[in-house]
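Residue numbers (our numbering): 4 to 197. C-beta atoms are modelled at their ideal positions from N, C-alpha and C, and glycine is treated no differently.
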C-alpha cells in the first residue's frame with residue numbers, strides 16, 4: 004500500500020469515526036432528562052422517530068421537562084390544527100373523548116400525564132391499548148405543540164394541573180366544558196344508574 008492510499012484510507016476511517024461520534028452524541032445529548040416509557044419504565048430511545056428542528060422549545064423541554072409553548076397563543080393555534088389531524092380521531096374534536104379518553108378533564112389514564120414530561124412520554128413512546136407511539140408521526144416539536152393546545156383547553160381541577168406552577172394553579176381558570184363531553188357524561192351516568 005502506498006503512502007497516498009494509506010493516507011486516503013486513514014482519512015476515510017477518521018471521517019467515519021467522526022460521523023459515528025456525532026450521531027451517538029446527538030442521540031444521547033438530545034435529552035438531559037431521562038424520559039421513560041409509561042409502561043416499562045425503560046429509558047426512551049430518541050434515535051428513532053420523525054426528525055424535526057431542534058427549536059429553543061425542544062432544547063428547553065429536553066433539559067427541564069417544561070413545555071414553554073403552553074403560554075404561546077400562536078403555537079396553541081397550530082397545536083389545535085395538529086390535534087385535529089393527529090389526535091381527534093380517537094380523543095374527539097374537542098378532546099372530549101371517543102375511542103380514547105377525554106384529555107381536558109381531571110382524570111388521567113396515566114397520572115404521569117399531569118406533568119408535561121409525563122404527557123410527552125405517553126404520546127412519544129405510547130402506552131396501553133390503542134395509544135400507540137406517535138414518534139414516527141410527529142416530531143418532538145410537534146408533540147410539544149399539540150400538548151400546548153391540550154393544556155389550553157383543560158376544564159379540569161387546578162390541583163390536577165401539575166404542569167402549572169403553584170402560583171399559576173392559584174389563578175387557574177378552567178376552559179369551558181365541551182357540550183359533547185357533557186352529553187357523553189349524561190349518557191354514561193344514565194346508563195350506569197347515576
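Can you check whether the CB of residue j is closer than 8 Å to the CB of residue i?
i, j, result
"residue 113", "residue 130", "yes"
"residue 201", "residue 146", "Nothing in the structure corresponds to residue 201, since the chain is present only between 4 and 197."
"residue 158", "residue 119", "no"
"residue 152", "residue 83", "yes"
"residue 133", "residue 107", "no"
"residue 141", "residue 89", "yes"
"residue 51", "residue 138", "yes"
"residue 38", "residue 123", "yes"
"residue 68", "residue 143", "no"
"residue 156", "residue 187", "no"
Note the first and the last residue of the continuous alpha helix (DSSP H) segment covering residue i.
i, result
"residue 85", "76-89"
"residue 147", "143-155"
"residue 113", "Note, residue 113: premise wrong, no alpha helix (DSSP H); not H, not E."
"residue 172", "169-173"
"residue 124", "119-128"
Could you work out which residue in the options is closest to residue i when comparing CA atoms only?
i, options, result
"residue 42", "71, 84, 121", "121"
"residue 171", "36, 180, 85, 154", "154"
"residue 44", "183, 157, 110, 128", "128"
"residue 160", "186, 110, 91", "110"
"residue 182", "175, 176, 190", "190"
"residue 96", "193, 77, 168, 149", "149"
"residue 40", "186, 116, 178", "116"
"residue 185", "56, 86, 85, 101", "101"
"residue 175", "74, 192, 79, 81", "74"
"residue 180", "105, 173, 168", "105"
"residue 61", "77, 86, 35, 76", "35"
"residue 70", "168, 193, 173", "168"
Output the residue ranges of the alpha helix (DSSP H) runs that lie fully inside the segment 48-76 and measure 4 residues or longer, sorted by chain position. When DSSP assignments are scanned along the segment 48-76, the uninterrupted stretches of alpha helix (DSSP H) that are 4 or more residues long and fall wholly within it turn out to be 59-67.
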